[in-house]
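Please read the structure below before turning to the comments.
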Amino acid sequence: NRVGVYIGSGIGGLGTLEEQHRILLEKGPRRVSPFFIPMMIGNMASGQVSIVLGAKGPNSTAVTACASATHSIGDAFHAIQMGKADAMIAGGAESTIVPLAVAGFSNLKALSTRNDEPEKACRPFDKDRDGFIVGEGSGIIVLESLEHAKKRGATILAEMVGYGMSGDAYHLTQPAPEGEGAARAMACALEDAGIKPEEVSYINAHGTSTYYNDKYETMAIKQVFGEAAYKVAVSSTKSMTGHLLGAAGGVEAVACVKSIQDQIIPPTINYDTPDPECDLDYVPNEARKAEVKVAMSNSLGFGGHNATIVFKKYED
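Quick look at the structure:
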């Protein structure tokens, strides 16, 4: 009763929806699967995991586009802080490489058109960036109170210390000018963590390889970090994984924890041509061995949903 599940998904079972709609058109309504609805709805990830594991604590699903997993992890963090649970299974899952999703994002002009070099299509913060590529996957972490972790003899990989969120209240798909909303989420997360900007070793940026996101996220980091913005390592692992949409924040939270555990900062690959408007240290093309004590992860979703989480090296 004290273990919960928060797994976010931005879109849910879009492939199932597409498949069952085809069956409806070709074979009629009686041939649509009776499992269509439970297979499609996004909250079923949290439901299924709780059923398999017998986790009867808090159970919910955030649906905040590309910020879904990060909101889920942050909300799980708060659930433990408020005494609602001892442990939470949290993150995100997404599977949207289907014709309908690709067509929708393509017509939105959000995807890269670098079809002659698909392996270099995703190039966050590069001057020649022209959109993201869709990825699929899941990233899940286990959060628990220190007392609970010690009691069961858990190997503690890192400590989660901060969570911030904000709303742009600006546009359906474009980020707020100058990254104002993202800056507020980062500032709130740092305040929640009790950490100064200069103490952050690494920022896993939202970094989608789109013109406005990368420009405005860079501006947001400068707003919050001041001169320290030029000293902190910033990278986008989306350059390697693609954009996992609602699952992105889960995978990127894992990247932050691993950077602390292994003392290695992942790179931004395909970074060939610097952009004068994106002038921070983006860890170009090669991973970097470095002392990582504090790592931050940003997720910025359509609709103006912004979420930031902060991890630090655990010291007993």
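Numbering (this note's numbering), first residue to last: 55 to 370.
Note that beta-carbon positions come from the ideal geometry of N, C-alpha and C, so glycine has one too.
Looking only at its own chain, which residues have a Cβ that is under 7 Å from the Cβ of residue i, when we skip the five neighbours before and after it?
| i | result |
| --- | --- |
| Ile-151 | Val-188, Glu-190 |
Can you tell which of the options has the C-alpha that lies nearest to the C-alpha of residue i?
| i | options | result |
| --- | --- | --- |
| Leu-197 | Gly-185, Val-337, Ile-210, Phe-186 | Ile-210 |
| Thr-73 | Met-93, Val-364, Ala-274 | According to the sequence shown, residue 73 is Glu rather than Thr. Closest option to Glu-73, Cα to Cα, is Met-93. |
| Pro-229 | Ala-121, Arg-206, Leu-78 | Ala-121 |
| Leu-298 | Ala-341, Ala-208, Ile-249, Gly-261 | Gly-261 |
| Phe-159 | Lys-366, Tyr-368, Phe-356 | Phe-356 |
| Tyr-368 | Asp-333, Ala-361, Ile-314 | Ile-314 |
| Gly-218 | His-359, Ala-99, Tyr-266 | His-359 |
| Ala-243 | Asn-352, Gly-58, Val-106, Asp-370 | Asn-352 |
| Leu-71 | Ser-100, Gly-58, Pro-153, Gly-101 | Pro-153 |
| Tyr-284 | Thr-291, Ser-293, Ser-290, Met-273 | Met-273 |
| Pro-330 | Asp-182, Lys-205, Glu-245, Gly-82 | Asp-182 |
| Phe-89 | Ala-309, Gly-67, Leu-107 | Gly-67 |
| Ala-247 | Lys-138, Ala-99, Ala-282, Met-350 | Met-350 |
| Leu-107 | Arg-168, Thr-227, Gln-317, Arg-56 | Arg-56 |
| Asn-97 | Phe-131, Pro-83, Gly-145 | Gly-145 |
| Glu-281 | Met-136, Ala-208, Pro-251, Ala-155 | Pro-251 |
| Lys-343 | Tyr-325, Asp-316, Ala-208 | Asp-316 |
| Glu-173 | Ala-361, Val-308, Gly-296 | Gly-296 |
On the DSSP bridge assignment, give the partners of residue i in chain order.
| i | result |
| --- | --- |
| Arg-342 | Ile-319 |
| Pro-328 | Asp-180 |
| Phe-365 | Met-214, Ala-349 |
| Asn-55 | Partner(s): none; Asn-55 has no beta bridge. |
| Asp-355 | Before going on, a small fix: residue 355 reads as Gly here, not Asp. Note: Gly-355 sits in a beta bridge opposite His-359. |
| Glu-148 | Gly-191 |
| Asp-335 | Ala-287 |
Assuming residue i contacts residue j (C-beta within less than 8 Å), just tell me the rounded distance between them.
| i | j | result |
| --- | --- | --- |
| Ala-287 | Val-337 | 5 Å |
| Val-364 | Ser-255 | No, Val-364 and Ser-255 are not in contact; Cβ-Cβ is about 11 Å, not under 8 Å. |
| Val-311 | Ile-195 | 7 Å |
| Ile-77 | Ser-126 | 31 Å between Cβ atoms; not a contact. |
| Leu-334 | Ile-249 | The Cβ separation is near 19 Å, so there is no contact. |
| Ser-166 | Asp-184 | 5 Å |
| Ala-119 | Gly-304 | 14 Å between Cβ atoms; not a contact. |
| Arg-177 | Ser-263 | 6 Å |
| Ala-341 | Pro-320 | 6 Å |
| Val-59 | Ala-109 | 5 Å |
| Ala-147 | Ser-192 | 4 Å |
| Lys-366 | Ala-212 | 7 Å |
| Asn-267 | Leu-354 | 7 Å |
What does a CB cutoff of less than 6 Å around residue i pick up in its chain, not counting 5 residues either side in sequence?
| i | result |
| --- | --- |
| His-202 | Asp-140, Ala-141 |
| Ala-241 | Val-278 |
| Ser-290 | Pro-178, Ala-259, Gly-261, Thr-322 |
| Ser-199 | Ile-134, Asp-140 |
| Ala-116 | Gly-62, Ser-122, His-125, Ser-126 |
| Ser-114 | Tyr-60 |
| Arg-391 | Nothing about residue 391 can be read from this structure; the chain reaches only from 55 to 370. |
For residue i, collect the residues of the same chain with a Cβ closer than 8 Å to its Cβ; drop the 5 residues on either side in sequence, then sort them by chain order.
| i | result |
| --- | --- |
| Tyr-270 | Pro-229, Ala-230, Pro-231, Glu-232, Gly-233, Ala-236 |
| His-225 | Gly-358 |
Quick one: does the C-beta of residue i sit closer than 7 Å to a heavy atom of the ligand PLP?
| i | result |
| --- | --- |
| Arg-84 | Of the ligands one can find in the structure shown there are none, so the ligand PLP has no counterpart to examine. |
Requested in this report: Could I get the ranges of all uninterrupted beta strand (DSSP E) runs contained in the segment 161 to 237, with 3 residues as the minimum, in chain order?
Outcome: Within the segment 161 to 237, the complete beta strand (DSSP E) runs of at least 3 residues fall at 191 to 198, 213 to 221.
Which runs of the alpha helix (DSSP H), 4 residues or longer, sit entirely within the segment 85 to 117?
Segments of the alpha helix (DSSP H) lying fully in the segment 85 to 117: 90 to 94, 98 to 107.
What are the complete alpha helix (DSSP H) segments, minimum 4 residues, inside the segment 235 to 293? For the segment 235 to 293, whole alpha helix (DSSP H) runs of length 4 or above, ordered along the chain, are 265 to 279.
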